[in-house]
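I have placed the structure first, in the form of structure tokens, so that the comments after it can refer back to it.
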Amino acid sequence: AATAPRIPPTRLALHHFDASYGLHLKDLWPSVRVGLLCEQKYGALLNNFSPVDVTQELELLNATDFVSEAHKKVQRSQRGAAGGEARRGESISQEGSGEGRTAVQAETMTQAEMSPRLRASISSNIKCYTFPRGDITRFRPARPDTLGLLDYYLMDASSLLPVLALNVQPDDFVLDLCAAPGGKTLALLQTGVCGHLAANDVSISRTKRLYQILHSYIPKQIREMVSVTSCDGRDWEQLEGGTFHKVLVDVPCTTDRHSVMEEENNIFHKRRTKERQMLPMLQLQLLMAGILATKPGGEVVYSTCSLSPLQNECVIE
1 AATAPRIPPT RLALHHFDAS YGLHLKDLWP SVRVGLLCEQ KYGALLNNFS PVDVTQELEL
61 LNATDFVSEA HKKVQRSQRG AAGGEARRGE SISQEGSGEG RTAVQAETMT QAEMSPRLRA
121 SISSNIKCYT FPRGDITRFR PARPDTLGLL DYYLMDASSL LPVLALNVQP DDFVLDLCAA
181 PGGKTLALLQ TGVCGHLAAN DVSISRTKRL YQILHSYIPK QIREMVSVTS CDGRDWEQLE
241 GGTFHKVLVD VPCTTDRHSV MEEENNIFHK RRTKERQMLP MLQLQLLMAG ILATKPGGEV
301 VYSTCSLSPL QNECVIE
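Quick note: the sequence shown uses full-length UniProt numbering, first residue 1, plus one each step.
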């Protein structure tokens, strides 16, 4: 019979994080550590393809759409910055005419409010409801509508940030290079603007989960614009190099929260030591493949579920 490891992988992970992240994050690490060890809170990504509107139900529970809230905060910040610039412009041109002051204010408002990349990336069709900080209420399980499509998808709300950063535009060809289990692929489809979406993952079993999510949330006519493959992402250039306008490279990583909370499939298990040590090399290879899959002038977003500089900044640099 197999014997339990002398030191559980969750404890090994926490010891590793205490040593490395404590040094990297310094005074911030204690609060980050508490966050990692707290029960995970989920957001509810609304399914725009379902005819059922659950916004009122969620708002009655005191949940809010964090994407639209972020958009409002940016608008307020931009108006504040524009007001400051306008006041400075008025003091500079105070001897001029009123028309001059109006022109200065209009120019600063244009610069502040018309930042299209920022505006487009956070005011997309994606809607994700979350409960306020400190509220540990759980969302009910998703329910099917009359068409059999589920009304929302429960996921870590921060997982939407790479999708928002990708800033998908109408008719973009998009590649999700490491797509399974499918939350980000689903979010990309919720934008409603992808011209074509390729979703790939090296794991056949995880790709099956991706298929299940697509069938549970996406109508058949929309699924037809999605191609799902199961190949090594590092070889993607040989398949479809220089093809995509936008590429998401959400790489395998130490998945920090999972590593400190779950014993099963934990990358800090001693038998996976070499695999863990080789992660930055794998991540770099996947990022390079993502870059080579992109059209000239296209864009790549690289993301992880880790705080490790070795898996983030060092891979990019």
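Glycine is no exception: its CB is placed at the ideal position from the N, C-alpha and C atoms.
Around the beta carbon of Ser306, 16 or more other beta carbons lie within 10 angstroms, which makes this residue buried. Comparing alpha carbon positions, the residue from Pro144, Glu224, Phe17 closest to Gly195 is Glu224. Beta-bridge annotation (DSSP): Gly43 is paired with Met155. As DSSP reads the structure, Tyr217 sits in no beta bridge. When the Cα atoms are used, Cys178 and Ala289 turn out to be separated by approximately 11 Å. In the DSSP annotation of this structure, the continuous segment of the beta strand (DSSP E) that includes Phe173 starts and ends at 172 to 176. Inclusion of His258 and Lys295 in the CB contact set at 7 Å is not warranted, their separation being larger than that value.
For Ser203, no alpha helix (DSSP H) encloses it, and the DSSP letter there is neither H nor E. Assigned with DSSP and collapsed to three states, Gly297 falls in strand. Taking the Cβ atoms as the reference, Thr64 lies roughly 6 Å from Tyr129, within the contact range of under 8 Å. By the 16-neighbour rule on beta-carbons within 10 angstroms, Val163 is buried. Pairing Thr10 with Val260 gives a Cβ-Cβ distance under 7 Å. The count of Cβ pairs closer than 8 Å, one atom from the stretch 145 to 155 and one from the stretch 217 to 232, reaches three, so the stretches are in contact. Straight across, the Cα-Cα distance linking His24 with Val301 is about 23 Å. Counting along the chain, the unbroken beta strand (DSSP E) around Leu248 starts and ends at 244 to 250. Taking Pro181 as the centre and dropping the five residues before and after it, the same chain places the C-beta of Arg206, Arg209, Leu210, Ile213 closer than 8 Å to its C-beta, in chain order. In the DSSP secondary-structure assignment, Asp65 is bridged to Tyr129. Taking all protein chains shown into account, Ser124 has 16 or more neighbouring C-beta atoms within 10 Å of its C-beta and is therefore buried. About 5 Å separates the beta carbons of Leu287 and Val249, which is inside the 8 Å limit, making them a contact pair. Under the DSSP assignment, Thr229 falls in the beta strand (DSSP E) whose first and last residues are 226 to 229. Judged by DSSP in its simplified three-state form, Cys38 adopts coil rather than helix or strand.
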